[in-house]
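Asks: Residue numbers (the working numbering): 357 to 929.
Quick reminder that beta carbons are idealized off the backbone N, C-alpha and C, glycines included.
Take a look at the following structure, please.
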């Protein structure tokens, strides 16, 4: 049933044995009233609780329990206020008439969980931290339209943009907009950012505070004594357990009732349906902007620069530099089979990188599964099996690829489906699966992170985190290439660079006409998936999570992490 469930049952047994003698409130994880304890199961366990230093949704979702942005968006795309006191408008003076600045009014009498007052200085500092190149923040691209951020007074912040900015509402919003406490990070605003104690024991303004954190294993939260809403939150304790696998997490919530919430249930659809029949919980899936995709490395992962860096811009990929080869690999993807057999109702085959909001879904793209046409393209490009070993080669180079992704059953089965087709086409394929806590960690010292991309192909999901996809599309501009120079902190991991794409993005940052801006975004999508073929979208996937039937108050949105409104989660009476 999975390693973490075994641990969980041991904890229950020890709790029962200790009931008469361990009632101290400080006696640790084992002591908790089960009705007043919220049990969260994360088979991909968080490793850091500062979302600006992580590339993983698991980390930002765990962080979101204690840290907050100024605003976010609900499932209808409506702005929801957290630390901001009001929505800026032209009428209230919040949005400048020239479109070059926005002024935010902040809520008063908000305190960090350690009792320190929250002020505009924290917002200004967060901007300085995120945009400090030495920090190597993973969320920096959202803030690169900003010229400066200034505190007008303790409860007023003015954001000045470099130019007219139609997406003024993106900054300090959602999971990329988390505000950090200046008093705890001011001495770690540089290359030492990852050494900040608050990365592991965060102090936030949210409903809960962290009281124990074992990276890759356990996070324990208790109510924030200084939370601004006196009647919330509803639980005396939150226990986030990591480890095991997605199927075990699903079983614990849906079938046995041992958990209240299970994160990111990437489990084959028939298995989820069978577990849900257990009657203890249900799968809640919302179609956000997540697209499971394969990325094609534009650089050679096997060549090493003098600095020791692989996948270096100095060395183009030996065969993916030919567009015909990239097109052939695109034709080798059986998207419909993957979507229907592995995802079921939680996945739809797609050929688009940008899928939500729907007005940005390009009508110009198609996808096709056609191995015969793919083989013809490889032949045309000069890749033939000249030595009879079953693998195509050209100029002494074998067409063998390393295809990597994170560990979970759906991804491993997807890898197998793709490998079967590629092998039949004369492509050698080696599969690699990496533990999610490493793959999405953003650790500059670990070469197995997705941002290093020391492979030929890799697969995972991302999507725009707000109703405006500008920051998401900026990912593939030339300045966002992940490399040693920026501590592999950027998101352009295929190392794609096209001046035309960059020019379109620049246009989008100044275009105030919504229809013209929509067309620009569609052009950018088409460049990635149709014209240059560097991103191979497979499935527009929902983000399925498991919720206990005894839990209520959750309200999922595609524009923030599932824990965004955890202050409202409670047990049914």
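Please state the DSSP three-state secondary structure of residue 903.
Replies: strand
Asks: Look at the Cβ atom of residue 784, then the Cβ atom of residue 747, and state whether they are nearer than 8 Å.
Replies: yes
Asks: Counting contacts by CB-CB distance shorter than 8 Å, is residue 915 in contact with chain C?
Replies: Note that chain C does not occur in the displayed structure, where there is just one protein chain.
Asks: Would a C-beta distance cut-off of 8 Å place residue 615 and residue 395 closer than the cut-off?
Replies: Using a Cβ distance threshold of 8 Å, residue 615 and residue 395 count as a contacting pair.
Asks: Distance, Cα to Cα, residue 629 vs residue 705?
Replies: 20 Å
Asks: For residue 652, does the count of other Cβ atoms within 10 angstroms reach 16, so buried, or fall short, so exposed?
Replies: buried
Asks: What's the C-alpha gap between residue 530 and residue 818?
Replies: 15 Å
Asks: Just the C-alpha distance for residue 860 and residue 908, rounded to the nearest angstrom, thanks.
Replies: 44 Å
Asks: Compute the Euclidean distance between the alpha carbons of residue 852 and residue 890, then round it to the nearest angstrom.
Replies: 7 Å
Asks: Going by DSSP, which residues form a beta bridge with residue 762?
Replies: 790
Asks: Helix, strand or coil, according to DSSP, for residue 931 in the structure here?
Replies: Outside the displayed span of the chain (357 to 929) sits residue 931, for which this structure offers no information.
Asks: Between which two residues does the beta strand (DSSP E) carrying residue 705 extend?
Replies: 703-705
Asks: Determine contact between the region 496-508 and the region 557-567, defined as no fewer than three beta-carbon pairs at a distance below 8 Å.
Replies: no
Asks: So, is residue 814 buried or exposed, given that buried needs 16 or more other C-beta atoms within 10 angstroms?
Replies: buried
Asks: Is the beta carbon of residue 726 less than 8 Å from the beta carbon of residue 718?
Replies: Not closer than 8 Å, so no.
Asks: Determine, using beta-carbon pairs with one atom in the region 513-528 and one in the region 864-884, whether at least three such pairs fall under 8 Å.
Replies: Output reads yes: the region 864-884 touches the region 513-528.
Asks: Look at the alpha carbon of residue 668 and the alpha carbon of residue 770, and state the distance between them as a whole number of angstroms.
Replies: The alpha-carbon atoms of residue 668 and residue 770 are separated by roughly 28 Å.
Asks: Going by beta-carbon coordinates alone, are residue 537 and residue 468 separated by less than 8 Å?
Replies: yes
Asks: Within 10 Å of its beta-carbon, does residue 597 have 16 or more other beta-carbons around it, so buried, or fewer, so exposed?
Replies: buried
Asks: Since I believe residue 684 is in contact with residue 734 (beta carbons under 8 Å), could you give me their beta-carbon distance rounded to a whole number of angstroms?
Replies: 5 Å
Asks: Taking DSSP as the reference, what is the three-state secondary structure of residue 893?
Replies: DSSP places residue 893 in strand when its eight states are reduced to three.
Asks: Could you give the uninterrupted runs of the beta strand (DSSP E) lying entirely in the region 635-662, keeping only those of 3 residues or more?
Replies: 637-640 and 647-652
Asks: Provide the residue(s) that pair with residue 516 in DSSP beta bridges, ordered along the chain.
Replies: 457 and 504
Asks: Flag this pair as yes or no: are the beta carbons of residue 623 and residue 606 separated by less than 8 Å?
Replies: Contact: yes.
Asks: Going along the chain, which residues of its own chain have a beta-carbon closer than 7 Å to the beta-carbon of residue 631, five neighbours each way excluded?
Replies: Excluding sequence neighbours, residue 631 sits near 606, 607, 610 and 611.
Asks: Could you spell out the range, first to last residue, of the alpha helix (DSSP H) harbouring residue 598?
Replies: Note, residue 598: premise wrong, no alpha helix (DSSP H); beta strand (DSSP E) at 593-598.
Asks: For residue 555, which residues in the same chain have their Cβ closer than 7 Å to its Cβ, ignoring the five residues on either side in sequence?
Replies: 404, 405, 406 and 409
Asks: Indicate whether residue 426 and residue 560 have their beta-carbon atoms separated by less than 8 Å.
Replies: Taking 8 Å as the Cβ cut-off, residue 426 and residue 560 do not qualify as a contacting pair.
Asks: Rounded to whole angstroms, what is the Cα-Cα separation between residue 542 and residue 922?
Replies: 28 Å
Asks: Could you please give the first and the last residue of the uninterrupted beta strand (DSSP E) stretch that includes residue 511?
Replies: It is not in any beta strand (DSSP E) - residue 511 carries neither H nor E in the DSSP assignment.
Asks: Leaving out the 5 sequence neighbours to the left and right, which residues in its chain are closer than 6 Å to residue 383 when beta-carbon positions are compared?
Replies: The pLDDT assigned to residue 383 is 31, lower than 50, so where the model puts this residue is not dependable; a value taken from the coordinates is nonetheless given after this. Contacts found: none.
Asks: Just the Cα atoms here: how many angstroms apart are residue 840 and residue 777?
Replies: So the two alpha carbons sit approximately 34 Å from each other.
Asks: Please name the residue, chosen from 602, 795 and 619, that lies closest to residue 764 on a Cα-to-Cα basis.
Replies: 602
Asks: Report buried or exposed for residue 421, applying the criterion of at least 16 other Cβ atoms within 10 angstroms of its Cβ.
Replies: buried
Asks: Out of curiosity, what's the CA-to-CA distance linking residue 913 and residue 546?
Replies: 33 Å
Asks: Check whether the Cβ atoms of residue 327 and residue 882 sit closer than 8 Å, and answer yes or no.
Replies: In this structure the chain extends from 357 to 929, so residue 327 is not present and cannot be described.
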